[in-house]
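J.:
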Amino acid sequence: TAVAEIIKEAQRRSGRKGKLTLRLRELGGLVRVAGDIAITEKEPVVTAKQVIDGKALSKPLEQQVADRSIEVRKSYKTFLTEGGRIGSVNGLAVVGANSGMADYSGVVMPLVAEVTPAQRRGQGTVMATGNLGKIAKEAVTNVSAVIKKISGADISDMDIHIQFIGTYEGVEGDSASISIATAIISAIENIPVDQSIAMTGSISVRGTVLPVGGVAAKVEAAIDSGLRKVLVPASNFGDIILDQNHKGKIEIVPVNDIKDVLENALVESPERTGIIGRVTDLFSQKVGLSKLSGKNGPTAI
Numbered sequence: 001t002a003v004a005e006i007i008k009e010a011q012r013r014s015g016r017k018g019k020l021t022l023r024l025r026e027l028g029g030l031v032r033v034a035g036d037i038a039i040t041e042k043e044p045v046v047t048a049k050q051v052i053d054g055k056a057l058s059k060p061l062e063q064q065v066a067d068r069s070i071e072v073r074k075s076y077k078t079f080l081t082e083g084g085r086i087g088s089v090n091g092l093a094v095v096g097a098n099s100g101m102a103d104y105s106g107v108v109m110p111l112v113a114e115v116t117p118a119q120r121r122g123q124g125t126v127m128a129t130g131n132l133g134k135i136a137k138e139a140v141t142n143v144s145a146v147i148k149k150i151s152g153a154d155i156s157d158m159d160i161h162i163q164f165i166g167t168y169e170g171v172e173g174d175s176a177s178i179s180i181a182t183a184i185i186s187a188i189e190n191i192p193v194d195q196s197i198a199m200t201g202s203i204s205v206r207g208t209v210l211p212v213g214g215v216a217a218k219v220e221a222a223i224d225s226g227l228r229k230v231l232v233p234a235s236n237f238g239d240i241i242l243d244q245n246h247k248g249k250i251e252i253v254p255v256n257d258i259k260d261v262l263e264n265a266l267v268e269s270p271e272r273t274g275i276i277g278r279v280t281d282l283f284s285q286k287v288g289l290s291k292l293s294g295k296n297g298p299t300a301i
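Its first residue numbered 1, the sequence shown is counted upward by one per residue in full-length UniProt numbering.
(1) Where does T1 sit, in a helix, a strand or coil, going by DSSP?
(2) Which of helix, strand or coil does DSSP assign to R27?
(3) Which ranges would you report for the beta strand (DSSP E) in the segment 226-292 if only whole runs of at least 3 residues count?
(4) Rounded C-beta distance between V126 and I150? I'm assuming under 8 Å.
(5) Note the first and the last residue of the continuous beta strand (DSSP E) segment covering I155.
(6) From the DSSP output, in three-state form, read off G100 for me.
(7) Using CA atoms only, rank isn't needed, just tell me which of V46, R25 and K42 is closest to A34.
(8) Here's the rule I'm using: 16 or more other beta-carbon atoms within 10 Å means buried, otherwise exposed. How should N90 be labelled?
(9) Starting from I178, trace the beta strand (DSSP E) both ways and give me its first and last residue.
(10) Looking at chain D, is there any beta carbon in it that lies within less than 8 Å of the beta carbon of A93?
(11) Leaving out five residues on either side along the sequence, give the residues of the same chain with a beta carbon under 7 Å from the beta carbon of A217.
(12) Please classify K22: does DSSP put it in a helix, a strand, or coil?
(13) Which class does R206 belong to by DSSP, given the choice of helix, strand or coil?
(14) Based on Cα-Cα distance, which residue from V51, E41, T40 and G83 lies nearest to I7?
(15) Using a 10 Å radius around the Cβ and a threshold of 16 neighbouring Cβ atoms, would you call V205 buried or exposed?
(16) Quick check on the burial criterion: 16 or more other C-beta atoms within 10 angstroms. Buried or exposed for S99?
(17) Assign K295 to one of three DSSP states: helix, strand, or coil.
(18) Taking DSSP as the reference, what is the three-state secondary structure of E82?
(19) Are the segment 115-122 and the segment 226-234 touching by the rule of at least three beta carbon pairs closer than 8 Å?
(20) Would you grab the beta carbon distance between N264 and V279 for me? Rounded to a whole angstrom, and I think it's under 8 Å.
(21) Using the Cβ count rule (16 or more neighbours within 10 Å means buried), how would you classify V146?
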């Protein structure tokens, strides 16, 4: 029914499992548009289909900007949707997150990493370009700790360059952390990344994937851009509510840690097998230490 569709949209715009948005003014706009469609079609009551059609006609300005951005990036090939490429990852971001609107839009945010020898031994740096905000810059620093643990190479002897492509509106937040980590590992280890995959998620210094906002909008952007698989934080998986036009059009993979990310993102090769083995051993050691700590440590009562 139309009422059920409105409730579903309220849940989708809240971005949280089991929650509804209280931005009733925005929902009211959708209700009015759906009502106008029903009048035009001479229907006595509004149907669910008319609510769905109304969403396309009542898009906020941010959504229209995002749609235009997707069209431009597709036409100019700023990112790939198939094949493999070293150091290149299709990240995901949102447009309009700071607009005060409950319904913001997702876009594909391609990024590229390049690794070169440092000018001075032991004084390698990590440099990121693309109009990054404070939190985004801190995310790049946090990722460096993960890279040091995973990579067999000494990154202190490398200059790591990260470029966020086409981010004229700026980049804020840490939701690109797993994209940055994957791109750098790919560049260091010389392993291609599957370009049919997009990803979003923050990452801790220990390699755990943490939840981020706007996941449903990001998944929809990946679908609209022709990508086949999207990696999302496992803790966000239940927050994804897609509209009827996007359901069943992409494989959504929940990831818990950097090992899950690399297993899905890196193209099959002997080098991939080697690094997955190293990461598996690293996480096995952590699990073993945590169990040992729990066994011999104090017990909470």
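Note that CB positions come from ideal geometry on N, CA and C, so glycine has one too.
T.: Here's the rundown:
(1) coil
(2) Checking the sequence, you will find Leu at residue 27 rather than Arg. L27: helix per DSSP, three-state reduction.
(3) 229-233 and 251-255
(4) The Cβ separation is near 15 Å, so there is no contact.
(5) I155 -> no beta strand (DSSP E), and no H or E assigned at all.
(6) Reliability of the predicted coordinates at G100 is poor, the pLDDT of 48 falling under 50, and no value is obtained from them.
(7) V46
(8) buried
(9) No beta strand (DSSP E) contains I178, which is instead part of the alpha helix (DSSP H) from S177 to E189.
(10) You won't find chain D in this structure, because it holds only one protein chain.
(11) V94, Y104, S105 and G106
(12) Inspection of the sequence shows that residue 22 is occupied by Leu rather than by Lys. Three-state result, L22: coil.
(13) coil
(14) V51
(15) exposed
(16) With a pLDDT of 48 at S99, under the threshold of 50, the modelled position of this residue cannot be trusted; read the value that follows with caution. Exposed, because fewer than 16 other Cβ atoms sit within 10 Å of the Cβ of S99.
(17) For K295, the pLDDT reaches just 47, beneath the cut-off of 50, and the residue's location in the model is therefore unreliable, although a value from the coordinates is still provided. Helix, per DSSP.
(18) coil
(19) no
(20) The Cβ separation is near 13 Å, so there is no contact.
(21) buried
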